[in-house]
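Written below as structure tokens is the structure these notes are about.
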Amino acid sequence: MSRRPVPHVALAPEHLPLVLVGLPGAGKTTVARLLATALGLQVTDTDAEIRRRARMTIPEIFAAEGEEGFRTRETRALRAVLDSPAPAQGVVALGGGAILREQNRALLHGHTVVYLAASPETAAAHVGDGTGRPLVAPEADSDATAGALHTAQGAAHTGPRRHDRHGAVLARMEALHVQRAPLYAEVATLTVPVDGLTPQQVAALILVGLGAQAPSTARALADLTAPASAAGTRPRRPSETGAGVLVPPSRSLRAGDDGRLRLTVLGARPYEVVVGQDLAVDVVRGVTGAPGGGAGGVALIHIPELETRAGRYEDGLRAAGLRVERITVPGGETSKSSTVLNTLWEQLGRMRMGRDGCVVAVGGGATTDLVGFAAATWLRGVPVVHVPTTLLAMVDAAVGGKSGIDTAAGKNLVGAFHPPAAVVCDLTALEALPLDELRAGLGEVVKCGFIADPVILDRVMTDPADIVRWDSPALAELVARSVAVKAAVVGKDLTEAGPREILNYGHTYAHAVEAATAYHWRHGEAVAVGCVFAAEVAHRMGRLSGDVLALHRQAFSAAGLPVSFPEGAGRFEELVEDMRSDKKVRAGAIRMVLLDDVARPARGLTPDAAVLREAHKAVTGAGPGTGE
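Mind the numbering: the sequence shown is residues 1374 to 2001 in the numbering used here, read in order.
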């Protein structure tokens, strides 16, 4: 008798069994094993069950009985698995074609079915030459697959087709995708895209999407390994790098019974982002839930304008029995200096904060950057809870774990990666925010729409009046969606070693705009122009259509943000020098994040000087603004 795994993650019984569906090569078997181990449950692979019962390989079954015979065996195996008490409470990896039969789809009705949505390219890369897979191998002769292939070639594929074996496998996979994707979507209760993700990340997203606690999920999966051939390991061409950013399923963006939206940032130190109104109790929960629980003292650091709000948070923390010290810091970008940082260190020393203490940052992005760095460096790292009070800070600075200060050499050049223990986005703080500041925050929101979540663009252009009301559901959704984009990226790449660079879309030029205006331009305003500049560059390089270029101006204009920088006319050389200070620069070359389409970012691109100059002319009014 095999020993049952020890459960590390709790999942509501109504979610069991978990049935995974998807294309061959989507990673169903690998992810199922990870889920079963984390949950302490049995795992069943229906293809393996069929092989065991028939005492034949699947190609042998196809040869002896045809596809119809195999499908009949598949139905029997699925029914037996779902009717068996032990497997019915476990995790099931279902064969990719099982959903083709209506009776199988009926059997799945009422069960939790997770669709691992792999692109044909990813799935084809994982199955290799198709050996052992009768419906994927180039020589496959299934009538059903042949019909699907004809449909795919006629309706879905218009480009050149490779004639090597991989190209033939890819053609088969594209055919299967055309045929099966609607059926997977029909039976699915949860859809998780897998492109670019490791099996552990896919498993974590499934568990969190079904209500499991993020910290326990991360711990349960952290030490588990999976084969390199599983989901998310396909190497990407440079033009694809950064594509396939995962936005969590829509159910993750719905408010709970308490009216709060909760999102999880995965990684080595996962944490929760809460979005809602009147969240003083969540500040307390963030501190008490941090390592040490704030026992070593709580430093509540805020700007002078937030005295009243900080007082409410202090009252809640003291009521929880914690020792609290209030510390005031200047507001704005000028506060991010070594002088202010040294003052914070001295005050943390005077209050004798230990490693079991906690720092709480209440303020905008400059405050969370500064306080996050102080927390990262005090005793080599104490927990920090961010309570951002501007829209920009909620969707950008407070989420992601980057902290830092400015120097004479440039913005944010000294800092650390230090993930917070929690982020509390209390939307009531936006009530007092000037309209211009609120609009500026939308710069980072619209950016997230372009790099990953087109729904954001739809909301901005459909509801331009609602998105600037602090208490509107539309704005709350935009905050949650933007956080979801950043969480998905940061969960894969905390230290900006790769995919995280896409969050810098528009920032190469934006930081130069900020420097050229002595930071009189708000960050979000500069990002808006920076994204338009990047779109102009991509269009001139033949990467981006004129329609998407025009969409940049339409979307940012709908948000009330600038789409040109007339003050920069005649200052190209000055701005290029500022761009050379960008952190993405390598060997003196300006590297940019560009788009091939909406939600198709590409990173590490080095446009030549002529392209940069023409794009600069387009956004400063010194040249045509259409990109032509």
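Even for Gly, the Cβ is constructed at its ideal location relative to N, Cα and C.
Quantities reported herein were computed from a predicted structural model and do not represent experimental measurements.
H1893 burial status per 10 Å Cβ neighbour count (16 or more: buried): It counts as exposed.
Grouping DSSP H, G and I as helix and E and B as strand, with all else coil, what is K1956? In this structure, DSSP gives K1956 a state outside helix and strand, which the three-state scheme calls coil.
I'd like to confirm the pairing. Which residues does DSSP put opposite C1798 in its beta bridges? Note: C1798 is bridge-paired with V1648 in the DSSP secondary-structure output.
Which residues DSSP lists as bridging H1675, in chain order: The partner list for H1675 (beta bridge, DSSP) reads T1701 and V1735.
Host alpha helix (DSSP H) of K1820 (start-end): In this chain, the alpha helix (DSSP H) harbouring K1820 covers L1808 to I1824.
Which of the three DSSP states, helix, strand or coil, is assigned to K1775? DSSP places K1775 within a strand segment (E or B) once states are collapsed to three.
What residue range is occupied by the uninterrupted beta strand (DSSP E) comprising M1965? Under the DSSP assignment, M1965 falls in the beta strand (DSSP E) whose first and last residues are M1965 to D1970.
Following the continuous alpha helix (DSSP H) through K1859, name the residue where it begins and the one where it ends. Going by DSSP, K1859 is part of the alpha helix (DSSP H) stretching over P1846 to K1865.
So is G1527 buried or exposed if we call it buried at 16+ other beta carbons inside 10 Å? In this predicted model, G1527 has a pLDDT of only 48, less than 50, meaning its place in the structure is not dependable; the value taken from the coordinates is given anyway. Its Cβ having fewer than 16 others within 10 Å, G1527 is exposed.
Give the DSSP-derived three-state secondary structure of V1936 in the structure shown. Note: V1936 maps to coil in three-state DSSP.
In angstroms, rounded to a whole number, what distance separates the CA positions of L1867 and T1707? If I take the Cα positions, the gap works out to 26 Å.
To the nearest angstrom, how far is it from the Cα of R1753 to the Cα of H1791? So the alpha carbons of these two residues sit roughly 10 Å apart.
Taking L1721 as part of the alpha helix (DSSP H), name the residues at either end of that continuous run. S1711 to R1723 is the extent of the alpha helix (DSSP H) around L1721.
Using the rule of at least 16 other Cβ atoms within 10 Å of the residue's Cβ for burial, across every protein chain shown, is H1482 buried or exposed? H1482 is exposed by the Cβ-count criterion.
Is it true that the segment 1894-1912 meets the segment 1981-1989, where meeting means three or more beta-carbon pairs spaced less than 8 Å apart? When Cβ pairs closer than 8 Å are counted between the two stretches, the segment 1894-1912 is seen to touch the segment 1981-1989, the count reaching three or more.
Coil, strand or helix - R1986 by DSSP: Three-state result, R1986: helix.
Mind checking T1410: buried by the 16 CB within 10 Å criterion, or exposed? Buried is the call here.
Between L1967 and the ligand SAM, is there a pair consisting of the residue's CB and a ligand heavy atom that are separated by less than 6 Å? Of the ligands one can find in the structure shown there are none, so the ligand SAM has no counterpart to examine.
Which residues mark the beginning and the end of the alpha helix (DSSP H) in which A1691 is found? Reading the sequence as shown, one finds Arg at residue 1691 and not Ala. E1680 to A1692 is the extent of the alpha helix (DSSP H) around R1691.
Beta strand (DSSP E) segment containing T1637, residue limits: In the DSSP annotation of this structure, the continuous segment of the beta strand (DSSP E) that includes T1637 starts and ends at L1634 to V1638.
So, is A1430 buried or exposed, given that buried needs 16 or more other C-beta atoms within 10 angstroms? In the sequence under discussion, the amino acid at residue 1430 is Thr, which differs from the Ala named in the question. Result: exposed.
Can you check which of these residues, L1455, L1467, D1418 and A1471, is closest to E1441 by C-alpha distance? It is A1471 whose Cα lies nearest to the Cα of E1441.
Would DSSP call D1420 helix, strand or coil? In the structure shown, D1420 sits in a helix (DSSP, three-state: H, G or I).
Report the rounded CA-to-CA distance for G1897 versus L1765, giving the unit in angstroms. Their Cα atoms are separated by approximately 7 Å.
Output the boundary residues of the beta strand (DSSP E) element that contains P1566. Residues L1563 to P1566.
Can the beta-carbon of V1992 be found closer than 7 Å to that of F1929? For V1992 and F1929, no; Cβs fall outside 7 Å.
Is the separation between the beta-carbon of D1713 and that of A1672 shorter than 7 Å? Looking at the sequence itself, residue 1713 is Val, so the reference to Asp does not match. No, they are not a contact pair.
Would you list the one or two residues that DSSP bridges to H1791? Per DSSP, H1791 has no beta bridge partner at all.
Is V1797 closer than 7 Å to G1659 when the C-beta atoms are compared? Yes, Cβ-Cβ distance for G1659 and V1797 is below 7 Å.
Quick check: what's the CA-CA separation for V1454 versus K1401? Distance between the alpha carbons of V1454 and K1401: 16 Å.
By the 10 Å Cβ neighbour count, where 16 or more other Cβ atoms means buried, how is W1751 classified, buried or exposed? If you draw a 10 Å sphere on the C-beta of W1751, you find 16 or more other C-beta atoms in it, and that means buried.
Could you give the distance in angstroms between the alpha-carbon of G1943 and the alpha-carbon of A1888? So the alpha carbons of these two residues sit roughly 16 Å apart.
Meets three-Cβ-pair contact criterion under 8 Å: the segment 1816-1830 and the segment 1850-1860: Taking 8 Å as the limit for Cβ pairs, the verdict is that the segment 1850-1860 does touch the segment 1816-1830.
So, at 6 Å on beta carbons, what are the nonlocal neighbours of S1623 in its own chain, with the 5 sequence-adjacent residues on each side left out? Unreliable placement is indicated for S1623, whose pLDDT of 41 sits below 50; no coordinate value is reported for it.
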